[in-house]
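Peer 1:
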Amino acid sequence: MLAHADTCGSPWEPAQGHRPRRAPRGRRLLPAAIGAFLALAGTATVLPPPTASAATAAWRPDLRAASAFADDRAGTTRISIRTSGGAALGLREYARAPSASLVKAMLLVGWLRRAADRPLTAGDRRLLDPMVRRSDDVTATVLRDRLGQGALVRLSRAFGMRRFEERPVWGLSRSSPADQTRFFLRIDRLMPARHRAYGMRLLATVVAAQRWGIGRVALPAGWRLYFKGGWGSGTGAVEHQSVLLVRGNRRVALSVMIAGSPSHGYGKETLRGTFVRLLHGLR
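As structure tokens, then:
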């Protein structure tokens, strides 16, 4: 969730050198980027850390259909898709917005890294479990305070996030879909080995009441889903989900960030419809 998201004005800011507007139909797709997706190179599965693999799959995300769907919906949608083989494309993927509860995935990894040399305590788990699985704000604030002001910026650099901007209210810290997929593509590898299974289990077991969007998409057999969402306290101001999908030696990271939905329910449907179209044909 994100307290006071509806008071922050227009959440989208332009990418460097660009204005935050809808791209004209037919200009959204870069042929070279689409071609890169014809060879979806993989890495190892989530546990242990990924390694290079020759596995490929003849699948490409249907960004054209997802973009057309988004243009017919209220609000502004940003999309990023990335694979471990280096393929990447998106729609307005460099524009930043308040991250809302997407920040909690960063706090999760940051705390696990701090505890790399010791077992997790019951106290650790009482903070991490509700923060990730139920998107609890109070425990997120406790962890942010313990990590210290500026910790999110340091973590973003370690995670390869190039345009993250920390704000005093953690939910207003700004991120882009491109940075989210850089992070989520290797989120397990960024966790200490001793805590990796625990951290990924939290991302795999978000409570049923919050499994909208990607959580309502029927995935082909064999794909495992790990994700975190962020939303504007039920207002529709922001509706985000960042995702890692893994099957054997293949992995795909996706992030859909939406601003200006007329309601929370409407934004959830936009998320689901966007993911359904992006993942069409995935096997």
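The numbers in this note's numbering rise by one with no breaks, and the one at position 184 of the sequence shown is 178.
Every residue, glycine too, gets a C-beta built ideally from N, C-alpha and C.
#1: Is it buried or exposed for Phe269, if we count other Cβ within 10 angstroms and need 16 for buried?
#2: Can you give, in chain order, each stretch of the alpha helix (DSSP H) that sits fully within the segment 169 to 227 and has at least 4 residues?
#3: Going by DSSP, what residue range makes up the alpha helix (DSSP H) through Met125?
#4: Spell out the partners DSSP gives Gln235 in its beta bridges.
#5: Between which two residues does the alpha helix (DSSP H) holding Leu83 run?
#6: Am I right that Ala81 and Thr71 are in contact with their C-beta atoms under 8 Å? What's the rounded C-beta distance?
#7: Need the endpoints of the beta strand (DSSP E) that Ser74 sits in, please.
#8: Taking the C-alpha atoms as reference points, what is the distance between Ala60 and Asp131?
#9: Closest to Gly224 by C-alpha separation, out of Thr175, Gly165, Leu239, would be which residue?
#10: Following the continuous alpha helix (DSSP H) through Trp105, name the residue where it begins and the one where it ends.
#11: Assign Ala145 to one of three DSSP states: helix, strand, or coil.
#12: What is the rounded straight-line gap between the Cα of Ser255 and the Cα of Ala187?
#13: What residue from Arg127, Arg107, Glu233, Gly142 has the CA that sits closest to Arg183's CA?
#14: Tell me the residue span of the alpha helix (DSSP H) that contains Tyr260.
#15: Between the C-alpha atoms of Leu122 and Ser95, what's the straight-line distance to the nearest angstrom?
#16: Looking only at its chain, what residues have a beta carbon closer than 7 Å to the beta carbon of Val136, apart from the 5 residues adjacent to it on each side?
#17: So if DSSP puts Pro92 in a beta bridge, which residue, or which two residues, is it bridged to?
#18: Does the distance from the C-beta atom of Arg90 to that of Ser150 stay below 9 Å?
#19: For the alpha helix (DSSP H) that contains Arg65, what are its first and last residues?
#20: Opposite Arg245 in the DSSP bridges: which residues?
#21: Give me the residue from Arg245, Leu272, Leu101 with the minimum Cα distance to Arg148.
#22: Answer yes or no: do Val250 and Leu273 have a C-beta to C-beta separation smaller than 9 Å?
#23: Would you tell me roughly how many angstroms separate the C-alpha atoms of Gly226 and Val232, rounded to the nearest one?
#24: Say whether the segment 207 to 224 touches the segment 233 to 252, bearing in mind that this needs 3 or more beta-carbon pairs closer than 8 Å, one atom from each stretch.
#25: Measuring straight from C-alpha to C-alpha, what distance separates Ser47 and Phe178?
#26: Would you tell me roughly how many angstroms separate the C-alpha atoms of Ala52 and Val163, rounded to the nearest one?
#27: Could you tell me the alpha carbon to alpha carbon distance between Gly20 and Ser78, rounded to whole angstroms?
Peer 2: Looking at the atomic coordinates:
#1: Answer is buried; the Cβ neighbour count reaches 16.
#2: Complete alpha helix (DSSP H) runs here, min 4: 171 to 179, 181 to 184, 190 to 198.
#3: Looking at the DSSP string, the run of the alpha helix (DSSP H) that includes Met125 is 116 to 127.
#4: Residue pairing of Gln235 in beta bridges, as defined by DSSP: Gly223, Val250.
#5: Per DSSP, Leu83 is not a residue of any alpha helix (DSSP H); the beta strand (DSSP E) it occupies stretches across 82 to 85.
#6: Not quite, the Cβ-Cβ distance comes to about 21 Å (not below 8 Å), so this is no contact.
#7: First-last of the beta strand (DSSP E) with Ser74: 70 to 77.
#8: Between the C-alpha atoms of Ala60 and Asp131 there is a straight-line separation of about 31 Å.
#9: Minimum Cα-Cα distance from Gly224 among the listed residues Thr175, Gly165, Leu239 corresponds to Gly165.
#10: In the DSSP annotation of this structure, the continuous segment of the alpha helix (DSSP H) that includes Trp105 starts and ends at 97 to 108.
#11: Helix, per DSSP.
#12: Taking the straight line joining both Cα atoms gives about 39 Å.
#13: The residue with the shortest Cα to Cα distance from Arg183 is Arg107.
#14: That run of the alpha helix (DSSP H) goes 258 to 272.
#15: Their Cα atoms are separated by approximately 13 Å.
#16: So the qualifying residues of the chain are Leu121.
#17: According to DSSP, Pro92 bridges with Arg168.
#18: For Arg90 and Ser150, no; Cβs fall outside 9 Å.
#19: For the sequence presented, residue 65 should be read as Asp rather than Arg. Segment 57 to 65, the alpha helix (DSSP H) holding Asp65.
#20: Answer is Val240.
#21: Here the closest residue by C-alpha is Leu101.
#22: No, these two residues do not count as a Cβ contact at 9 Å.
#23: Between Gly226 and Val232, the C-alpha separation is close to 5 Å.
#24: Pairwise C-beta distances place the segment 207 to 224 in contact with the segment 233 to 252, as three or more of them are shorter than 8 Å.
#25: Its pLDDT being 40, under 50, Ser47 is placed unreliably in this model, and the value from its coordinates should be taken loosely. So the two alpha carbons sit approximately 19 Å from each other.
#26: Whole-angstrom Cα-Cα distance: 43 Å.
#27: Bear in mind that a pLDDT of 40 at Gly20, under 50, signals an unreliable position, so the model cannot answer this.
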